[in-house]
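Single-structure report; data block below.
There are 4 protein chains.
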Amino acid sequence: MSIVLGPHQYGKAENRIVRVYRDSPRHEIHDVNVSTALRGAFDPAHLVGDQGAVLPTDTQKQTAYSYAKEKGLTSIEKYGLELGTHFVDDVEPVSGARIEIEEYAWERAVVDGAEHDFAFVRKGQEVRTAAITVEGKGDEQKTWVVGGLKDLVILKTTGSEFHGFLKDEYTVLQPTSDRIMATSLVAKWRFITPTEGGATGAAAWEGFDWEGTYAGIKQTMIEVFATLHSLALQQTLYEMGKAVLERFPAIGEVRLSAPNKHHFLYDLSPFGVANDNEVFNADDRPYGLIQASVLRSDAPDAGPAWDIAGGFA
Amino acid sequence: MSIVLGPHQYGKAENRIVRVYRDSPRHEIHDVNVSTALRGAFDPAHLVGDQGAVLPTDTQKQTAYSYAKEKGLTSIEKYGLELGTHFVDDVEPVSGARIEIEEYAWERAVVDGAEHDFAFVRKGQEVRTAAITVEGKGDEQKTWVVGGLKDLVILKTTGSEFHGFLKDEYTVLQPTSDRIMATSLVAKWRFITPTEGGATGAAAWEGFDWEGTYAGIKQTMIEVFATLHSLALQQTLYEMGKAVLERFPAIGEVRLSAPNKHHFLYDLSPFGVANDNEVFNADDRPYGLIQASVLRSDAPDAGPAWDIAGGFA
Amino acid sequence: MSIVLGPHQYGKAENRIVRVYRDSPRHEIHDVNVSTALRGAFDPAHLVGDQGAVLPTDTQKQTAYSYAKEKGLTSIEKYGLELGTHFVDDVEPVSGARIEIEEYAWERAVVDGAEHDFAFVRKGQEVRTAAITVEGKGDEQKTWVVGGLKDLVILKTTGSEFHGFLKDEYTVLQPTSDRIMATSLVAKWRFITPTEGGATGAAAWEGFDWEGTYAGIKQTMIEVFATLHSLALQQTLYEMGKAVLERFPAIGEVRLSAPNKHHFLYDLSPFGVANDNEVFNADDRPYGLIQASVLRSDAPDAGPAWDIAGGFA
Amino acid sequence: MSIVLGPHQYGKAENRIVRVYRDSPRHEIHDVNVSTALRGAFDPAHLVGDQGAVLPTDTQKQTAYSYAKEKGLTSIEKYGLELGTHFVDDVEPVSGARIEIEEYAWERAVVDGAEHDFAFVRKGQEVRTAAITVEGKGDEQKTWVVGGLKDLVILKTTGSEFHGFLKDEYTVLQPTSDRIMATSLVAKWRFITPTEGGATGAAAWEGFDWEGTYAGIKQTMIEVFATLHSLALQQTLYEMGKAVLERFPAIGEVRLSAPNKHHFLYDLSPFGVANDNEVFNADDRPYGLIQASVLRSDAPDAGPAWDIAGGFA
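Residue numbers (the numbering used here), protein chains in the order written: chain F, 161 to 473; chain E, 161 to 473; chain D, 161 to 473; chain X, 161 to 473.
Okay, structure coming up:
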């Protein structure tokens, strides 16, 4: 038996880059949080403290900022592909890169009914996410792109039931045919990497409509949540994922993680006050947590795409 | 010399009440966080542990939930006035009450271009706030209402300068004629309590347009932030408060607290990359913090209205 | 009627300064978060954007870092006094300064039973606080020092009752003669500014034992919490404050703010399992919130000492 | 092509259970946050909303609280094993369970130099963690136990270098031979499941010294951090994991995730003030992030042990 180094990676986390486009009087803004991680032949750094193969995390940071200008920062998936392929292609000891990005959306301030050119209000709703994985050099290179969102808080005041569940000796929950259903949705969708034409890396996705796809997926999930009469949060999640796959052929798999944010009907009967699903206590903890994947039966292999936390978080 | 009890209060903080109106198929939702505090003759509880005059914080909670149905929960200022005057009027040892409320806004889910009847998405932008203070019983009773908002994150990519400042031996800052200006605004506005007609408490405000006033003040502040060419965040804040007072005669004073969320131009020159106010690092800490009050010269006395934290926080 | 500028202040918040003393092989570390705020003749900055009297917040930051070396950073009260009096004494338009500091404690790593010279583990328990206010120049100068702590989480599993309380129509709470009592204590204590000898500012406190006083006050409060058989959190707080005043003549007033962190006995009876105060649910919200001041009848005037949030927070 | 359900699980997250042992006047307290997740034949819940196989998350919660009394709650690993095997053994549709637990440590209040019987102060340092996975029924059942800690903030003021690193065109970092090294450590260690005697589940670990092992591993990691002269955080992490494996034969693998919490030397030269590694700015973001596994070459298969976030987080 010997003691050996297992999987390892290193990078610079949470670079808070703000990119302004001011080529016309009507400025654009992109506000992101970028984390980079590199994988490769870094064993000597761990085993004997030799940094000869280690590109500093500070350099990764500098590159992330510079690429926001050099390559541009519009769609985060595209920017992440540029950054990830650079590290793998251009830094010899790097065999794989993982780029994770959050984007905070802004809307234009409205003045006298018109959108302002350079004043913005942070939207504050969901956070858009992306995770790009690049592995291998040259013809062997593979890329995986996962888009997503988090903190999308959605709620319906009716149209949700929960009954017919399994019971054991610890079951005291009463069935209900009308409850509030609410969640703070985390959704991630895996794009099917284009293979026609032989292009790899960022080039393989040239011209892809990242913005339209994001907006469409978000809207699809909200619509299903709203319109499906729900027998369980499980059912709602599955139908949300299914609808995304039906409408967006570029997506191979959707993963959803949804806390069941309980809203308990408040007992006002001691005060002689009726409460017909009108007054609720929004509880913090505990919460149900439902997680599911919905995918195409012929989706390509996920590889390391879902290795969100690398088993380290 | 003796040791004595000074100012004191007690209450139930952060009741997470959700009120649904479902009188028609088109439901309404109000999602609030309510904190109550009572002041009065509670010395024996402190001095000898005698609870005879202490209405439990649990009772305050029950009342807050029940009033959401009994009195209704539409405008938070109105609900807070109902709750505050109840405690002072109906609970003998209570001489004063402070009700603090946060409200989280929801927008209707949009399905096929139409607003849904009972599915909602949390807006996530600013949090609306209110602080109602009631003091005294019967004819001596006085009320103060402070409305407000927090977490309104606003930014302009140009139209902001900073120069001509005072220098001492620790001054290394360079002046600038074009910078990003950004803040996460906290604003509070003190309403002038109506005195005509002799009504007190909630009745004095009967028919007041709380919703229109809130929307108008928020919009006014955003417009001034956007359109004023700024020589300092101080100037922007003053003009925001001034515009609110000019447009809303019901407001006597505005208090603004604004972190200067620094966006530092990133130095890309080592890489031969130009950066003409295009790539910034959004820093977390430290931040500037500018705080100012703007008021009418004839505003009535603020009394305990601004005693937000009671000197205890 | 005219619109006028009311109270205002500005500064640099949350400077994260770490000061290492390495004069001997046994290093010392002080880890603080410093916020400065200046008050004075800054009206032109607000009214017309003229910064001529405004010492930049960046300069305040530079000074805070430099003073950590120039004046030293051992006791936060002493450092805050040095910084506050500097701004008022040396910057002409400044009439008052407020310095607020948090300190995070570290303990030495223990290796083979001995304390290490330069490796530390963050203690993680309470955060120590200080708020220093300086007003006026020259002979008119006054200073107030408030020490304190926050996030001190204390709990007793018995020795706490709650009964005999006032009841109204919303009261459903049952009395108890044995409950868990827990809080996350915020305490602040106002020092009596020494006046003998005529010294002002930092000099007036020369030689004061800040470290011993802090440790003693923390220990006193923990001891009273532990040993007092409590009939209410109100009583416990009062006795904690009273004991501090009795033991520490340098303290004129103590303010305590204590959430009643509810631990609800969990109902295991449906499962035929006895629960004799053994299994509890630690709830998040809502929580009781008890706040009280305890002071000497002859304490000097508090002036602006307690103006923690300046009415702006 | 068809659309299919992929991996899925559901449970109750963040049950805040406090367990008091009061069999003698000297009470004991265990304060935990328990999350349960079940895996199995729950497809109908997703596909058609049929809950027939779904044991409610509320039932999982009730069980977690009741087991704190029925089975006891001393070591979190033992409690998690009891809970996880119960769900798999006793609930027919459940094929696998994942129990994740955080524990918050308390120390006894000290009064007159002696530890108090029933008053406690929360330690506030690191959070202890455990993740127990149970898969399969009867003889096929397998269990994996991962212990760990998070939020252990450690720092050394010297004894850390960083130089000799790889450079590219974005590298501006200067090498250093003396810097502060600090991290907020997340460590997880995978126990080797005992197989002698043929016992499975909790029984396989009967009599294991969970408490001594935890304390020993924490101490080992702190000692290595303190005493190793570090050429890189990578090296320090590897040596910490290696030492744990050398001293604790029950551990098969250690995973470490460590932010490099940058402390930047503050430039005081403009003020003519020397700064010989004495005054630092503790920056928030970005931070380096180093992650590595250290394991025995003959460690048994990790199975789902490291599937911390299930690819869903």
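The beta carbon of each residue, even a glycine, is placed where N, CA and C say it ideally should be.
Assign residue i to one of two classes, buried (16 or more other C-beta atoms within 10 Å of its C-beta) or exposed (fewer than that).
i: residue 191 of chain F; result: buried
i: residue 381 of chain F; result: buried
i: residue 218 of chain E; result: buried
i: residue 474 of chain X; result: There is no way to answer for residue 474 of chain X, as the model of chain X reaches only from 161 to 473.
i: residue 208 of chain E; result: exposed
i: residue 327 of chain F; result: exposed
i: residue 211 of chain E; result: buried
i: residue 434 of chain X; result: exposed
i: residue 195 of chain F; result: buried
i: residue 363 of chain F; result: exposed
i: residue 335 of chain F; result: exposed
i: residue 357 of chain D; result: exposed
i: residue 360 of chain D; result: buried
Can you list the residues of chain F that residue i reaches, using a CB-CB cut of under 9 Å?
i: residue 431 of chain D; result: 329, 330 and 332
i: residue 441 of chain E; result: 175, 176, 177, 178 and 225
Name the DSSP beta bridge partners of residue i, please?
i: residue 258 of chain F; result: F:197 and F:293
i: residue 493 of chain E; result: Past the boundaries of the shown model lies residue 493 of chain E; chain E is included only from 161 to 473, so the question cannot be answered.
i: residue 453 of chain X; result: X:415
i: residue 268 of chain E; result: E:280
i: residue 344 of chain F; result: F:313
i: residue 170 of chain X; result: F:450 and X:198
i: residue 227 of chain E; result: DSSP output for residue 227 of chain E lists no bridge partner at all.
i: residue 190 of chain E; result: E:179
i: residue 263 of chain F; result: F:192 and F:288
i: residue 442 of chain F; result: F:423
How many Å lie between residue i and residue j at the Cα?
i: residue 371 of chain E; j: residue 193 of chain X; result: 41 Å
i: residue 297 of chain E; j: residue 303 of chain E; result: 11 Å
i: residue 147 of chain D; j: residue 179 of chain X; result: One cannot answer for residue 147 of chain D here, as it falls past the ends of chain D, which runs 161 to 473.
i: residue 236 of chain D; j: residue 263 of chain D; result: 8 Å
i: residue 444 of chain X; j: residue 418 of chain X; result: 14 Å
i: residue 215 of chain X; j: residue 226 of chain X; result: 16 Å
i: residue 241 of chain E; j: residue 294 of chain E; result: 8 Å
i: residue 377 of chain F; j: residue 411 of chain F; result: 10 Å
i: residue 348 of chain F; j: residue 415 of chain X; result: 26 Å
i: residue 329 of chain E; j: residue 290 of chain D; result: 27 Å
i: residue 386 of chain X; j: residue 251 of chain D; result: 44 Å
i: residue 422 of chain E; j: residue 345 of chain E; result: 14 Å
i: residue 373 of chain D; j: residue 314 of chain X; result: 27 Å
So which residues on chain X does residue i lean against when the C-beta distance must stay under 9 Å?
i: residue 182 of chain D; result: 317, 318, 436, 437 and 438
i: residue 214 of chain F; result: 324, 325, 326, 392 and 394
i: residue 251 of chain F; result: 326 and 328
For residue i, go through chain E and note every residue whose CB falls closer than 7 Å to its CB, in chain order.
i: residue 297 of chain D; result: Simply none; closest approach about 16 Å.
i: residue 226 of chain F; result: 428, 431 and 433
Please check if any C-beta of chain C sits within less than 8 Å of the C-beta of residue i.
i: residue 179 of chain F; result: No chain C appears in this structure, whose protein chains are F, E, D and X.
Strictly below 8 Å CB to CB, what residues from chain X border residue i?
i: residue 285 of chain D; result: 281, 282, 283, 284 and 285
Which residues in chain F have a C-beta closer than 7 Å to the C-beta of residue i? List them in chain order.
i: residue 445 of chain D; result: 444
i: residue 386 of chain E; result: 269, 271, 276 and 279
Find the residues of chain E that neighbour residue i, judging by a C-beta separation of less than 8 Å, and give them in chain order.
i: residue 410 of chain D; result: Chain E residues near residue 410 of chain D: none, gap ~14 Å exceeds 8 Å.
Going along chain D, which residues have a C-beta under 8 Å from residue i?
i: residue 187 of chain X; result: 317 and 318
TODO: May I ask you to verify whether the stretch 446-463 of chain D touches the stretch 383-397 of chain D, counting CB pairs closer than 8 Å and requiring at least 3?
DONE: Three or more Cβ pairs closer than 8 Å define a contact, and the stretch 446-463 of chain D meets that threshold against the stretch 383-397 of chain D.
- [ ] Check whether the stretch 362-369 of chain E touches the stretch 253-263 of chain D, counting contact only when three or more Cβ pairs, one atom from each stretch, lie closer than 8 Å.
- [x] Counting C-beta pairs with one atom in each stretch, the stretch 362-369 of chain E and the stretch 253-263 of chain D have fewer than three that are closer than 8 Å, which means they do not touch.
Open item on the list: Below 8 Å, how does it come out for the stretch 332-339 of chain X and the stretch 310-324 of chain X: are there three or more Cβ pairs, yes or no?
Closed with: With the cut-off at 8 Å, the stretch 332-339 of chain X and the stretch 310-324 of chain X touch.
- [ ] Report yes or no: do the stretch 264-280 of chain X and the stretch 196-215 of chain X share at least 3 C-beta pairs separated by less than 8 Å?
- [x] Cβ pair count under 8 Å is below three, so no.
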